[in-house]
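Asks: Sending over a structure as structure tokens; questions will come in a sec.
Protein chains: 2
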Amino acid sequence: MMKEFDFIEIASNIFRKSGKRKEEVILGAGEDDCAVIRLSNRYSKYLVLTTDSLHEKTDFPEQMLPFEMGHMALAVNLSDLAGSGARPEYFLYTISLRDGIDENFFRQILSGIKSLADRYDVEVVGGDVDFGDELYISGFAAGFTERFVPQSGAKPGDRIWITGITGKAQLALEVLLSGKERSEVPFLKSLLTPEPRIEESIKASSYANAMTDISDSLAISLNLISRKSGVKIEIFEELLDLSELTNFVEYDKALELFIYGGGDFELVYTAQEGEGIEIGRVKEGEGVKLKRKSGESTEIEFRGYSHF
Amino acid sequence: MMKEFDFIEIASNIFRKSGKRKEEVILGAGEDDCAVIRLSNRYSKYLVLTTDSLHEKTDFPEQMLPFEMGHMALAVNLSDLAGSGARPEYFLYTISLRDGIDENFFRQILSGIKSLADRYDVEVVGGDVDFGDELYISGFAAGFTERFVPQSGAKPGDRIWITGITGKAQLALEVLLSGKERSEVPFLKSLLTPEPRIEESIKASSYANAMTDISDSLAISLNLISRKSGVKIEIFEELLDLSELTNFVEYDKALELFIYGGGDFELVYTAQEGEGIEIGRVKEGEGVKLKRKSGESTEIEFRGYSHF
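Order-wise, the sequence lines are chains A and B. Going by this note's numbering, the letters in the first sequence line up with residues 6 to 313, in that order. Going by this note's numbering, the letters in the second sequence line up with residues 6 to 313, in that order.
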């Protein structure tokens with residue numbers, strides 16, 4: 006029977022001894038009471054901190070692999086940093102294991118964390134393992150930026166940009182929950198190993214006025230920007246590219262998924278000019294509207310799908 | 006029925022709107038994707054990060070009050086920062102609630118966090134609430150220091166200092182688990198609302214060679230320092246003040262509690278000169294020894310009591 010100490014030792018070996026270390030990380034994962042990071046080498050104007058956690062029962066579909074759970078635990082935190090325009094640097098986690106999770110399962114979770122961390126040069130500088138009734142992974146990420154982008158900075162006249170098509174993760178989830186095999190599910194990667202938009206965020210951080218990630222739904226992200234910035238947002242149906250979604254569902258369902266589906270980890274930002282997909286405009290006023298092709302204007306409500 | 010959003014709103018109100026805000030915290034708890042902290046105002050040489058989490062079943066005795074759970078969730082993290090010599094600055098948490106925890110219980114947990122945070126000028130800059138099978142609180146703390154104190158820096162010739170008597174929390178736990186009422190338990194505060202040694206840590210950070218907090222046991226902390234520093238540690242029984250413990254237990258039991266009891270949140274550090282209670286010496290060699298009053302030398306093992 007593996008004990009807490011054994012699991013922590015495995016984690017230390019994976020995160021501390023394998024691969025490169027950042028020069029400014031003086032004490033990293035499992036080495037001391039805390040992680041210690043020299044600031045003189047990598048000093049930006051703002052330190053950006055976030056936390057997000059995942060539960061087996063609400064966040065991990067039955068068909069999800071442990072590698073994907075690890076990926077997701079880091080991705081949700083990196084996506085938050087991306088939403089603020091910060092370059093991610095350091096990650097710490099706590100994993101609560103339950104009966105039935107063996108060493109191999111645990112190693113795969115860590116491997117999912119490490120693989121994504123390495124891709125974006127994020128160092129895992131700390132962690133903790135314990136035991137409970139349910140698999141639970143809590144993550145904390147820290148990053149730096151010279152300029153941060155809040156949800157509250159949208160200005161009338163800004164255009165609204167997204168970094169990719171939304172609705173894919175929700176569609177994948179619905180197909181998966183209907184009982185289909187993994188191989189039959191479209192956009193499975195959007196659901197199980199979504200890629201946080203790090204590079205896009207860093208680029209946009211130099212010119213975007215408002216930004217956030219789209220984790221719950223495009224609708225919720227737009228409503229947050231509208232409320233916090235005190236502006237009206239108008240989205241144009243004719244700018245929404247539903248062609249990938251309509252390969253699998255009817256048009257109206259595709260539109261619903263695009264606007265209210267969760268889990269895609271794209272970014273939405275407002276700026277005079279941008280990159281990616283332009284979907285609407287910021288105006289004076291309040292509320293979030295969908296300008297239909299018919300000319301009609303309907304409200305985009307504050308709702309989405311955050312868990313299943 | 007309160008939903009996740011309601012709990013998060015309560016938390017935002019408690020941590021964001023009440024009381025003072027640090028000038029350098031541009032975006033705090035619940036305001037945006039992340040917390041954003043301006044570094045130019047409060048720039049030290051090292052950023053120090055830690056995480057620690059608590060489970061209802063393993064970390065909270067039945068008689069523990071929700072206020073005390075909140076206190077403890079922050080205290081374990083502040084004690085880690087203290088073990089490295091860092092001044093604590095920012096805290097983020099994730100709380101996983103279960104059925105049966107109502108708004109009042111939740112508010113008291115947060116109140117326990119806030120009360121301790123305010124005492125040491127720590128700002129709660131982020132958090133997350135969700136639901137699971139068990140009450141679980143995960144915390145993440147960040148601090149700064151001009152000089153950090155690792156576990157690995159002990160030098161032959163150093164004296165060994167502790168910031169207070171150990172064994173009290175363990176004694177309190179044993180009495181509590183024996184079925185006594187809270188009012189009958191000695192040193193209950195040491196067990197349920199231990200005070201992290203922040204000021205002592207900051208003072209010692211300027212001159213200590215090695216330091217760590219004593220959360221699992223004095224024995225484990227000394228063994229960590231001995232192993233990581235590559236030194237021998239000798240503790241003198243005649244320097245151990247057991248008088249508070251022997252009011253309640255026999256001498257041998259008191260000695261066992263002092264050395265192997267967990268949960269006191271004191272610090273142990275090595276330095277030529279120090280403050281607090283001197284208990285031994287660092288020598289060349291390896292291992293941790295107890296020099297008995299009889300002249301005999303016995304081994305201090307790597308063991309303690311971390312959970313109950």
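Each residue gets a CB set at the ideal place from its N, CA and C atoms; glycine is no exception. Just so it is clear, the structure is predicted and the values come from calculations on it, not from any experiment.
Does DSSP put G266/A in a helix, in a strand, or in coil?
Replies: G266/A falls in the coil class under three-state DSSP.
Asks: Tell me, please, whether the stretch 73–93 of chain A touches the stretch 196–206 of chain A by the rule of three or more beta-carbon pairs shorter than 8 Å.
Replies: Yes, they touch.
Asks: Which residues of chain B have a Cβ atom closer than 8 Å to the Cβ of Y95/A, listed in chain order?
Replies: Near Y95/A (Cβ distances below 8 Å), the residues of chain B are L54.
Asks: To the nearest angstrom, report how far apart E280/B and S211/A are at their CA atoms.
Replies: Using only the alpha carbons, I get a separation of about 50 Å.
Asks: Roughly how many angstroms separate the alpha carbons of F253/A and E304/A, rounded to a whole number?
Replies: Their Cα atoms are separated by approximately 26 Å.
Asks: Mind checking who Y98/A pairs with in its DSSP beta bridge?
Replies: According to DSSP, which records beta bridges pairwise, Y98/A is partnered with G132/A and G144/A.
Asks: Looking at the unbroken alpha helix (DSSP H) that takes in F110/B, where does it start and where does it end?
Replies: Looking at the DSSP string, the run of the alpha helix (DSSP H) that includes F110/B is E108 to R124.
Asks: Closest to L196/A by C-alpha separation, out of I230/A, Q277/A and L176/A, would be which residue?
Replies: Closest option to L196/A, Cα to Cα, is L176/A.
Asks: Can you tell me the Cβ-Cβ gap for G340/A and D221/A, rounded? I've got them flagged as a contact below 8 Å.
Replies: No statement about residue 340/A is possible, as the shown extent of chain A runs from 6 to 313 and does not include it.
Asks: For the stretch 227–239 of chain B, which residues have a beta carbon sitting closer than 7 Å to at least one beta carbon of chain A?
Replies: Listed by position along the chain: nothing, the set is empty.
Asks: Quick check on this structure: which residue in K194/A, G184/A, A224/A and A276/A has the alpha carbon closest to the alpha carbon of K208/A?
Replies: The shortest C-alpha separation from K208/A is found at A276/A.
Asks: Using only CA atoms, which one of E73/B, N82/B, N228/B and R164/B lies nearest to F241/B?
Replies: Answer by Cα proximity: R164/B.
Asks: Against chain B, with Cβ distances strictly below 8 Å, would K62/A count as a contact?
Replies: So, interface residue.
Asks: I believe G343/B touches R92/B by the beta-carbon criterion, under 8 Å. Please report the beta-carbon distance rounded to the nearest angstrom.
Replies: A question about residue 343/B goes unanswered here, because the residues of chain B that appear run from 6 up to 313.
Asks: What residue range is occupied by the uninterrupted beta strand (DSSP E) comprising T217/A?
Replies: It spans A215 to I219 - the beta strand (DSSP E) in which T217/A sits, taken as one unbroken run.
Asks: V134/A and E278/A: beta carbons closer than 8 Å?
Replies: For V134/A and E278/A, no; Cβs fall outside 8 Å.
Asks: Run the CB neighbour count on K119/A, radius 10 Å, all protein chains shown included, and call it buried at 16 or more, exposed below.
Replies: K119/A is buried by the Cβ-count criterion.
Asks: Would you say the stretch 28–45 of chain A touches the stretch 70–84 of chain A, given that touching needs at least three Cβ pairs under 8 Å?
Replies: With the cut-off at 8 Å, the stretch 28–45 of chain A and the stretch 70–84 of chain A do not touch.
Asks: Skipping 5 residues on each side, what residues in its chain have a beta carbon closer than 7 Å to that of A215/A?
Replies: Once the five neighbours on either side are set aside, the close Cβ partners of A215/A are V154, P155, Q156, S157, G158, A159, I230, S234, Y274 and T275.
Asks: Just by C-beta distance, which residues in the stretch 140–170 of chain A are closer than 7 Å to chain B?
Replies: Here the close residues are Y141, S143, F145, A147, F153, P155 and Q156.
Asks: Looking at the structure shown, is A40/A part of a helix, part of a strand, or coil, going by DSSP?
Replies: Strand.
Asks: I'd like to know whether the C-beta of G88/A is nearer than 8 Å to at least one C-beta of chain B.
Replies: It does: the Cβ of G88/A has a partner Cβ on chain B nearer than 8 Å.
Asks: Taking Cβ positions only, does I42/A come closer than 8 Å to chain B?
Replies: Closer than 8 Å: yes.
Asks: Would you tell me roughly how many angstroms separate the C-alpha atoms of K258/B and L140/A, rounded to the nearest one?
Replies: The straight-line gap from Cα to Cα measures roughly 38 Å.
Asks: To the nearest angstrom, how far is it from the Cα of L178/A to the Cα of I167/A?
Replies: Looking at the two C-alpha atoms, the distance is approximately 21 Å.
Asks: Determine, for S248/B, whether the minimum Cβ-Cβ distance to residues of chain A falls below 8 Å.
Replies: Not closer than 8 Å to any Cβ of chain A, the Cβ of S248/B fails to qualify, so no.
Asks: Under 8 Å Cβ-Cβ, which residues of chain A neighbour V130/B?
Replies: Chain A residues near V130/B: L54.
Asks: Determine, for A91/B, whether the minimum Cβ-Cβ distance to residues of chain A falls below 8 Å.
Replies: Answer yes: the Cβ-Cβ gap between A91/B and chain A drops below 8 Å somewhere.
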